[in-house]
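Engineer: Heads up: the sequence lines are chains A and B, in that order. Going by numbering that gives the first Met the number 0, the first sequence opens with residue 0, and the numbers climb by one from there. Going by numbering that gives the first Met the number 0, the second sequence opens with residue 0, and the numbers climb by one from there.
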Amino acid sequence: MLGLEKKDTSLLIIVAILTMCAPFILNPFPADSAMAQFNAGYPDLMQRFVIFGIFAIGFNILFGLTGYLSFGHAAFLGIGSYSAVWMFKLLGYNILPGIFLSVITSGLFALLIGYISLRRSGIYFSILTLAFAQMSFALAYSVLTPLTNGETGLQVYNSDPQYFHSDAMPNIPHLFGQEMQSTYTLDAGAWSFDFNTGYYLCALIMLGMFYLAIRIFRSPFGLMLKAIKTNQTRLNYTGLNPRPYTLAAFVISGMYAGLAGGLMASMDPLAGAERMQWTASGEVVLMTILGGAGTLIGPVLGAGFIKYFENIFSKINDTVLHQWFAFLPDGIEDFLIAIVHPFVGKGWHLTLGLMFMAIVIFLPGGLVEGGQKIARKIRGKKAEDDAPAASDTTPAE
Amino acid sequence: MGILEIKNVGKRFGGLQALSDVNLSVAENTVHAIIGPNGAGKSTLLNCLVGKLIPDTGSVTFQGQSLLGRKPHEINQMGVSRVFQTPEIFAELTVFENVMIPCFAARDGSFKLNALNAVRGQNDIKETAEAILEDVKMLDKRHMTASSMSRGDKRRLEMAMCLVQEPKLLLLDEPTAGMARADTNNTIDLLKEIKEKRDITMAIIEHDMHVVFSLAERITVLAQGTPLVEETPENIKGHPKVREAYLGEAQV
Numbered sequence: 000m001l002g003l004e005k006k007d008t009s010l011l012i013i014v015a016i017l018t019m020c021a022p023f024i025l026n027p028f029p030a031d032s033a034m035a036q037f038n039a040g041y042p043d044l045m046q047r048f049v050i051f052g053i054f055a056i057g058f059n060i061l062f063g064l065t066g067y068l069s070f071g072h073a074a075f076l077g078i079g080s081y082s083a084v085w086m087f088k089l090l091g092y093n094i095l096p097g098i099f100l101s102v103i104t105s106g107l108f109a110l111l112i113g114y115i116s117l118r119r120s121g122i123y124f125s126i127l128t129l130a131f132a133q134m135s136f137a138l139a140y141s142v143l144t145p146l147t148n149g150e151t152g153l154q155v156y157n158s159d160p161q162y163f164h165s166d167a168m169p170n171i172p173h174l175f176g177q178e179m180q181s182t183y184t185l186d187a188g189a190w191s192f193d194f195n196t197g198y199y200l201c202a203l204i205m206l207g208m209f210y211l212a213i214r215i216f217r218s219p220f221g222l223m224l225k226a227i228k229t230n231q232t233r234l235n236y237t238g239l240n241p242r243p244y245t246l247a248a249f250v251i252s253g254m255y256a257g258l259a260g261g262l263m264a265s266m267d268p269l270a271g272a273e274r275m276q277w278t279a280s281g282e283v284v285l286m287t288i289l290g291g292a293g294t295l296i297g298p299v300l301g302a303g304f305i306k307y308f309e310n311i312f313s314k315i316n317d318t319v320l321h322q323w324f325a326f327l328p329d330g331i332e333d334f335l336i337a338i339v340h341p342f343v344g345k346g347w348h349l350t351l352g353l354m355f356m357a358i359v360i361f362l363p364g365g366l367v368e369g370g371q372k373i374a375r376k377i378r379g380k381k382a383e384d385d386a387p388a389a390s391d392t393t394p395a396e
Numbered sequence: 000m001g002i003l004e005i006k007n008v009g010k011r012f013g014g015l016q017a018l019s020d021v022n023l024s025v026a027e028n029t030v031h032a033i034i035g036p037n038g039a040g041k042s043t044l045l046n047c048l049v050g051k052l053i054p055d056t057g058s059v060t061f062q063g064q065s066l067l068g069r070k071p072h073e074i075n076q077m078g079v080s081r082v083f084q085t086p087e088i089f090a091e092l093t094v095f096e097n098v099m100i101p102c103f104a105a106r107d108g109s110f111k112l113n114a115l116n117a118v119r120g121q122n123d124i125k126e127t128a129e130a131i132l133e134d135v136k137m138l139d140k141r142h143m144t145a146s147s148m149s150r151g152d153k154r155r156l157e158m159a160m161c162l163v164q165e166p167k168l169l170l171l172d173e174p175t176a177g178m179a180r181a182d183t184n185n186t187i188d189l190l191k192e193i194k195e196k197r198d199i200t201m202a203i204i205e206h207d208m209h210v211v212f213s214l215a216e217r218i219t220v221l222a223q224g225t226p227l228v229e230e231t232p233e234n235i236k237g238h239p240k241v242r243e244a245y246l247g248e249a250q251v
């Protein structure tokens with residue numbers, strides 16, 4: 000189907016079902032229960048899941064396939080956001096021109112930065128991209144204040160021209176009148192599910208981008224990118240020029256990042272320089288490695304995983320902990336809380352860091368490898384029950 | 000006029016004159032061996048042919064066109080393939096993918112942005128790749144990851160990758176280095192077979208005299224960066240200059 004192999008088609012369908020049903024899947028606990036803490040089905044959080052999913056899918060095209068580790072991809076995210084907000088300021092709140100421009104400008108910047116950075120490989124390439132991203136951050140933060148509004152961040156004011164805006168149209172980002180913020184809440188007994196327009200738009204775009212990534216992975220172009228990662232010497236002596244291949248991969252992944260940035264601004268019409276900071280670039284590296292670099296589904300999983308932790312674990316404070324351990328005797332309760340405290344709330348980075356270490360050490364292939372191991376165990380047990388069957392050696396992606 | 004003409008080539012690394020005044024002509028459809036003791040400049044010469052090094056002086060022409068200043072991938076596209084001392088293959092990819100990549104390079108040139116075609120839809124490429132794997136008797140290993148194969152198989156795979164491009168000139172840099180006797184003989188047979196089937200010129204750099212005398216039609220002896228003698232194998236054996244160069248190390 001759609002020019003994909005059977006295995007890839009089923010993967011695409013699974014991702015489609017998961018994203019379309021996300022409001023249900025992410026809200027498994029009744030709204031009033033103590034476990035409601037762990038519900039993640041809020042519109043803004045769900046939007047972030049899929050937007051960072053797009054960002055990570057794009058990053059994986061560069062890092063997962065060619066092995067070139069860019070440490071400056073957040074720059075393209077920021078450039079995308081600024082472009083989109085400028086379109087809101089100049090043309091109006093319809094998000095299409097903004098998203099379109101964000102992809103174009105980030106692609107152009109990626110062409111420039113990639114052309115220069117790709118003269119080197121390995122750590123030198125990483126440092127060059129990092130330097131470019133930090134320059135972009137510094138420019139956006141101070142020097143280019145007229146363009147970026149500096150520390151305050153770029154936002155839309157009433158005095159902005161907005162040439163195509165009319166009073167009949169909503170005064171917040173919309174797609175032909177459909178407001179991004181509009182949410183339909185479905186109450187089903189104790190449960191409550193939010194269906195948000197912005198989320199579904201982002202999810203559809205992510206599905207499209209995921210499909211595109213599968214096509215790239217399975218194309219001759221993708222094969223060449225994998226070859227670059229494996230052995231550039233042989234590639235050179237096989238009559239292939241690695242430079243345009245890596246540059247094309249860099250530009251494509253930069254455009255993915257720009258799209259993510261544009262969508263971010265479309266959900267919340269604000270663009271700040273901190274979006275371009277090196278920590279943001281590092282985050283997408285973490286997402287990709289955590290999920291499984293070079294796999295199709297890995298980056299999406301990694302993005303969801305990290306954003307979930309960032310938003311859910313950081314919300315657990317001492318009051319919540321007291322509620323959880325209230326049934327215990329006072330002394331033990333305080334003791335347990337003292338132990339758990341550094342790992343939740345503001346300390347969520349600590350938990351994330353430990354999990355990242357565990358995954359990198361025990362599952363170098365990321366969450367995807369973990370999933371494969373579990374699947375193989377289950378399948379192995381079944382095979383033992385039936386008859387000794389040949390194990391599947393091709394890794395599922 | 001040979002297919003490959005090397006004229007007055009010199010190359011200096013700092014204080015070391017690696018090559019000086021090398022003149023060599025490789026005739027079309029022959030197997031030409033370049034031998035010489037360690038440090039004679041054999042590998043430097045080869046690197047000057049494929050664009051990895053640029054000689055300080057002299058000229059290198061292939062089919063009348065200069066190779067100087069061209070990048071390795073451009074030289075390959077002109078019809079020159081190279082087999083390395085340690086097999087250079089795409090270790091993380093499957094055998095079949097390894098062979099498909101040079102097929103794409105031969106069909107699409109040094110760069111093509113065909114990001115939306117599926118690899119599995121490329122029937123012409125698949126047929127060519129299958130045919131060459133059949134030729135080197137590796138079709139049954141097509142789904143194996145290249146890194147998991149034995150050294151001899153890696154060598155066969157590398158040769159298949161070079162041959163599938165149908166090069167006019169095949170450069171071999173010690174193709175049997177570090178191989179067991181049986182593997183060496185297999186490689187010799189493979190090269191002989193290739194030579195019989197195709198119109199191909201080969202230039203071999205080799206230490207193993209057994210390989211050299213089994214294959215070569217012309218032999219050039221290189222010593223201290225200059226060609227000493229160029230002769231047929233029969234005349235090389237027992238040539239006084241060659242004995243001198245090798246200091247009696249090889250009983251040729």
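Just so you know, even glycine gets a beta-carbon here, dropped at the ideal spot from N, CA and C. Predicted, not measured: the structure shown is a model, and the values here were computed from it.
1) Put A:R119 into one of helix, strand or coil per three-state DSSP.
2) Taking the alpha helix (DSSP H) that B:S19 belongs to, which residues open and close that run?
3) At the level of alpha carbons, what is the spacing between A:F192 and A:T184?
4) Report the residue from A:G364, A:Y199, A:G290 whose alpha carbon sits nearest the alpha carbon of A:E178.
5) Which residues, in chain order, does the segment 235-248 of chain A contribute to contact with chain C at a C-beta distance below 7 Å?
6) Quick check: what's the CA-CA separation for A:H164 versus A:Y255?
7) Quick check: what's the CA-CA separation for A:N59 versus B:A32?
8) Can the beta-carbon of B:V253 be found less than 8 Å from the beta-carbon of B:V49?
9) To the nearest angstrom, how far is the alpha carbon of A:A35 from that of A:I315?
10) Where are the beta strand (DSSP E) runs, 3 residues long or more, that stay fully inside the segment 116-187 of chain A, in chain order?
11) Measuring straight from C-alpha to C-alpha, what distance separates A:K228 and A:L107?
12) To the nearest whole angstrom, what separates the beta carbons of A:G63 and A:G303, a pair I think is in contact under 8 Å?
13) Near A:I50, what residues of its chain come up, given a Cβ to Cβ distance below 6 Å and the 5 sequence neighbours on each side ignored?
14) Taking the alpha carbon of A:S218 as the point to measure from, which residue in B:T200, B:V228, B:I124 has its own alpha carbon closest?
15) Could you give the distance in angstroms between the alpha-carbon of B:G13 and the alpha-carbon of B:S19?
16) Using beta carbons (cut-off 8 Å, strictly below), is A:M254 in contact with chain B?
17) Please list the terminal residues of the continuous beta strand (DSSP E) segment that includes A:F192.
18) Could you tell me whether the segment 108-124 of chain A touches the segment 236-256 of chain A, where touching means 3 or more Cβ pairs closer than 8 Å?
19) Pull the bridge partners of B:R11 from the DSSP assignment, please.
20) Check the Cβ of B:P71 against every Cβ in chain A and list those closer than 7 Å, keeping chain order.
21) Should A:M223 be flagged as near chain B, meaning a C-beta pair shorter than 8 Å?
22) With a cut-off of 8 Å, does the C-beta of B:V118 fall near any C-beta of chain A?
23) Quick one: which unbroken alpha helix (DSSP H) runs of 4-plus residues sit fully inside the segment 91-137 of chain B? Chain order, please.
24) Where DSSP assigns a beta bridge to B:T219, which residues make up the other side?
25) CB-CB under 8 Å to B:S109, same chain, minus the five flanking residues each way: which ones, in chain order?
26) Applying the criterion that 16 or more other CB atoms from any shown protein chain within 10 Å of the CB defines a buried residue, is B:A17 buried or exposed?
27) Any Cβ of chain B within less than 8 Å of the Cβ of A:A132?
28) I want to see whether chain A comes within less than 8 Å of B:N113, judged by CB atoms only; does it?
29) With DSSP as the reference, identify every bridge partner of B:S58, one or two as the case may be.
30) Of the residues that make up the segment 88-110 of chain B, which ones have a beta carbon closer than 9 Å to any beta carbon in chain A?
31) Under the rule that 16 or more other beta-carbon atoms within 10 Å means buried, what is A:D333, buried or exposed?
32) Between which two residues does the alpha helix (DSSP H) holding B:R154 run?
33) Between B:Q62 and chain A, is there a C-beta pair that is closer than 8 Å?
34) So for A:R378, helix, strand or coil by DSSP?
35) For A:M266 and B:F103, I'd like the C-alpha separation in whole angstroms.
36) Hey, could you find the ends of the beta strand (DSSP E) A:T65 is sitting in?
Structural biologist: Once the coordinates are examined:
1) Of the three classes helix, strand and coil, the one that applies to A:R119 here is coil, per DSSP.
2) B:S19 -> not in any alpha helix (DSSP H); beta strand (DSSP E) instead, spanning 15-25.
3) 6 Å
4) A:Y199
5) The chain inventory of the structure shown lacks chain C, comprising the protein chains A and B.
6) 28 Å
7) 46 Å
8) For residue 253 of chain B there is no data in the structure shown, the boundaries of chain B being 0 and 251.
9) Take the alpha-carbon of A:A35 and the one of A:I315: they are about 11 Å apart.
10) Listed in chain order, the complete beta strand (DSSP E) runs (minimum 3 residues) inside the segment 116-187 of chain A are 182-187.
11) 24 Å
12) A:G63 to A:G303, Cβ: 17 Å. No contact.
13) C201, A259, L262, M263
14) B:I124
15) Annotation: B:G13 to B:S19 spans about 14 Å, alpha carbon to alpha carbon.
16) no
17) If you look at A:F192, you'll find it in the beta strand (DSSP E) that goes 190-195.
18) yes
19) DSSP, once it has assigned bridges, lists B:Q16 as partnering B:R11.
20) Result: N235, Y236.
21) yes
22) yes
23) 94-107, 122-134
24) DSSP output for B:T219 lists B:I33, B:E229 as bridge partner(s).
25) Non-local C-beta neighbours of B:S109 in its own chain, meaning closer than 8 Å and more than five positions away in sequence, comprise H72, E73, Q76, ordered along the chain.
26) buried
27) no
28) yes
29) B:K6
30) I88, F89, A90, E91, L92, E96, N97, M99, I100, P101, F103, A104, A105, D107, G108, S109, F110
31) exposed
32) 150-162
33) For B:Q62, the answer is no, since every Cβ of chain A falls outside 8 Å of its Cβ.
34) helix
35) 43 Å
36) Looking at the DSSP string, A:T65 is not in any beta strand (DSSP E), and its letter there is neither H nor E.
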